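Protein sequences appear in the order of chains A and B.
The first sequence stops at residue 122 when you use the working numbering, and every number in between is there.
The second sequence stops at residue 115 when you use the working numbering, and every number in between is there.
The structure appears right after this line, and notes come after that.
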Amino acid sequence: GAGVSQSPSNKVTEKGKDVELRCDPISGHTALYWYRQSLGQGLEFLIYFQGNSAPDKSGLPSDRFSAERTGGSVSTLTIQRTQQEDSAVYLCASSRTSGGADTQYFGPGTRLTVL
Amino acid sequence: KQEVTQIPAALSVPEGENLVLNCSFTDSAIYNLQWFRQDPGKGLTSLLLIQSSQREQTSGRLNASLDKSSGRSTLYIAASQPGDSATYLCAALWAGNNRKLIWGLGTSLAVNP
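In C-alpha cells, the structure reads:
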C-alpha cells in the first residue's frame, strides 16, 4: 500500500504569513507524529496523535503552532505568523499503534522556507 | 537529561569495507532504540528496531546491537556499497516519554566506488 505522504513538498512564504502542512498517514495507522529538522540540528519532536487526540503537545515551539487530526487519518500542522526561525523540514510519521514498539514510517517531508 | 550522541559525524570509506556506526545514550532504562537512514531530499527509512529486551537485530547486511548497561548501540554494515551512502540516525525511546523519540545528529556516510 501507499506510504506516508506529505504536501506540499516545498513551501516558500513571507514572514508573518500563515502556512498549513498536510500529512496523510498509512491507512490503518492509529498513531501520527510530527517532527522538525532544522539545518545542523537533530530531529525535534513536535506532537503526536493517538487517533484524533494529541496526548502530548509539549514539543510545539510556541502558541503559533497548532495541529489537528480528523477522522483518525489526515493531519494538518498550522504555523501562524511565520518567522524565519520556522524554516526547516517538517516530517510526519505514522505507526500502527502508539505503544512504542512499532516502527514509525516517515513521509518525505515538507521543506519550509520563510523569507 | 536523556540524550543521544552519534560518532563519527561523518565517515568516508572505500566500497567493500565493513564499518561500524556508533550511538550512545544517557539513561540505561531505554524502551527501544531504532536506526534510520535518511537520503538527501527524502524522508527517513527505518532500518532496525531493537527492543530493550533484545541484544541485536539483523537485516541483510545490517546488524544492530544494543548494550543498555554501557548505553551504547552499534550499527554494523557489511561489505559496504555506494548505495549505502546516506545519513544514518539513531533514536531512543524511554518509557514515560510519551512516545517521544530522542534523536542523535546522525552519521553522514559516503561509500566510494
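Glycine included, C-beta positions come from ideal geometry on N, C-alpha and C.
Being a predicted model, the structure only gives us computed values, none of them experimental.
With DSSP as the reference, label residue i as helix, strand or coil.
| i | result |
| --- | --- |
| E51/A | strand |
| Q91/A | helix |
| D25/A | coil |
| P84/B | helix |
| D69/B | strand |
| R76/A | strand |
| D29/B | coil |
| I52/B | strand |
Can you name the start and end residues of the beta strand (DSSP E) that residue i belongs to?
| i | result |
| --- | --- |
| K18/A | N17 to T20 |
| P16/B | A12 to P16 |
| L46/A | Counting along the chain, L46/A falls outside any beta strand (DSSP E), and DSSP gives it neither H nor E. |
| D70/A | Segment: none, D70/A is in no beta strand (DSSP E) and carries neither H nor E. |
| L103/B | Per DSSP, L103/B belongs to no beta strand (DSSP E) and is neither H nor E. |
| R74/B | R74 to I79 |
| Q126/B | With chain B running from 3 to 115 in the structure shown, residue 126/B is simply not present. |
| P62/A | S60 to D63 |
| I86/A | S82 to I86 |
| N20/B | No beta strand (DSSP E) holds N20/B; DSSP gives it neither H nor E. |
| V6/B | V6 to I9 |
Is it right to say residue i is buried, meaning 16 or more other beta carbons lie within 10 angstroms of its own, or is it exposed?
| i | result |
| --- | --- |
| P16/B | exposed |
| R88/A | exposed |
| S69/A | exposed |
| Q59/B | buried |
| S16/A | exposed |
| Q91/A | exposed |
| T117/A | buried |
| T109/B | buried |
| P42/B | exposed |
Quick one: what's residue i bridged to in DSSP?
| i | result |
| --- | --- |
| R118/A | N17/A and V96/A |
| Y90/B | R39/B and T109/B |
| T47/B | R39/B |
| S12/A | D31/A |
Any chance the CB of residue i is under 6 Å from a heavy atom of the ligand MN?
| i | result |
| --- | --- |
| G79/A | What this structure holds is no ligand at all, so the ligand MN is not there to describe. |
Does the count of Cβ pairs from the region 8-16 of chain A and the region 49-59 of chain A closer than 8 Å reach three?
In the pairwise beta carbon analysis, the region 8-16 of chain A is classified as not touching the region 49-59 of chain A: fewer than three pairs are separated by under 8 Å.
Please determine if the region 25-32 of chain A and the region 95-115 of chain A are in contact, where contact requires at least 3 C-beta pairs separated by less than 8 Å.
yes
Assess, as a yes-or-no matter, whether the region 7-14 of chain B is touched by the region 63-71 of chain B under the definition of 3 or more beta carbon pairs within less than 8 Å.
Result no; under three Cβ-Cβ pairs closer than 8 Å.
At least 3 beta-carbon pairs within less than 8 Å: the region 82-100 of chain B vs the region 22-30 of chain B:
yes
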